[in-house]
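Okay, structure first, notes after.
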Amino acid sequence: MENNQTLSQRFDEYRPSKTLWFWSVVGVSVLTMIVGFTAGGWTTAGTASEMAKTSAIKARAELVANLCVEKFITASNASANLTKLKGTSSYRRDSFISDGGWVKLAGLKKDAPGAADLCADKLAAMDTIPTNSVAQDNTKG
Numbered sequence: 010m011e012n013n014q015t016l017s018q019r020f021d022e023y024r025p026s027k028t029l030w031f032w033s034v035v036g037v038s039v040l041t042m043i044v045g046f047t048a049g050g051w052t053t054a055g056t057a058s059e060m061a062k063t064s065a066i067k068a069r070a071e072l073v074a075n076l077c078v079e080k081f082i083t084a085s086n087a088s089a090n091l092t093k094l095k096g097t098s099s100y101r102r103d104s105f106i107s108d109g110g111w112v113k114l115a116g117l118k119k120d121a122p123g124a125a126d127l128c129a130d131k132l133a134a135m136d137t138i139p140t141n142s143v144a145q146d147n148t149k150g
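Mind the numbering: the sequence shown is residues 10 to 150 in my numbering, read in order.
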């Protein structure tokens, strides 16, 4: 090669070896995977399966907890029970809910994991039992 060639001419004449091509492709592939899994949001099938299972368990617990709250607030002695619940220590509230039967649903053989805790937390956050406008509407008609 002559020393007076321009950079553009030297670049145009450059022919990389097959070994350089191979390792360049490997390096770019690895870099793409690293970026994809860390910042790109890619997941493996196992991780996606675990995420789906966790989401299903949480959704079931949330549904059962919402139904539990509904059963609790529509009971005839809801205000007294709410006072008892708030008087119970926070780590025993889930037992109070389970023992009261509000987390039990027809058709379910066992309680949904975490539902009693969610139900107790939602109820403990209430200041008073809300009035049931649906029950009032039914008595009018």
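All C-beta atoms in this analysis are idealised placements derived from N, C-alpha and C, irrespective of residue type, glycine included. Just so we're clear, the structure is a prediction, and the values are computed from it rather than from any experiment.
Check	Outcome
Residue 90, buried or exposed, once every other Cβ within 10 Å from all chains shown has been counted against 16	buried
Cβ separation of residue 107 and residue 84, assumed to be a contact under 8 angstroms, to the nearest whole Å	Actually they do not touch by this definition, with Cβ atoms about 15 angstroms apart.
Where residue 39 sits in the DSSP three-state scheme	helix
Buried or exposed (CB count within 10 angstroms, at least 16 for buried), residue 111	buried
Same chain only: Cβ atoms within 7 angstroms of residue 103, ignoring 5 sequence neighbours per side	125, 126 and 129
With 16 other Cβ atoms within 10 Å as the buried cut-off, status of residue 191	As shown, the chain starts at 10 and ends at 150. That puts residue 191 outside it, with no answer to give.
Neighbour-count burial assignment, residue 39, 16 or more Cβ in a 10 Å radius	exposed
Residue from 137, 73 and 92 whose Cα sits closest to the Cα of residue 117	73
Contacts around residue 105, its chain only, beta-carbon distance under 8 angstroms, and the 5 residues preceding and following it disregarded	93, 94, 97 and 129
Own chain residues within Cβ distance below 8 angstroms of residue 144, not counting five before or after	Reliability of the predicted coordinates at residue 144 is poor, the pLDDT of 45 falling under 50, and no value is obtained from them.
Cβ pair residue 132, residue 78 closer than 8 angstroms	yes
Closer than 7 angstroms: residue 81 CB and nearest the ligand MN heavy atom	By its list of ligands, the structure shown contains no ligand whatsoever, and the ligand MN lies outside what it can speak to.
Coil, strand or helix - residue 65 by DSSP	helix
Under the three-state DSSP convention, the category residue 60 falls into	helix
Euclidean distance between Cα positions of residue 48 and residue 66	27 angstroms
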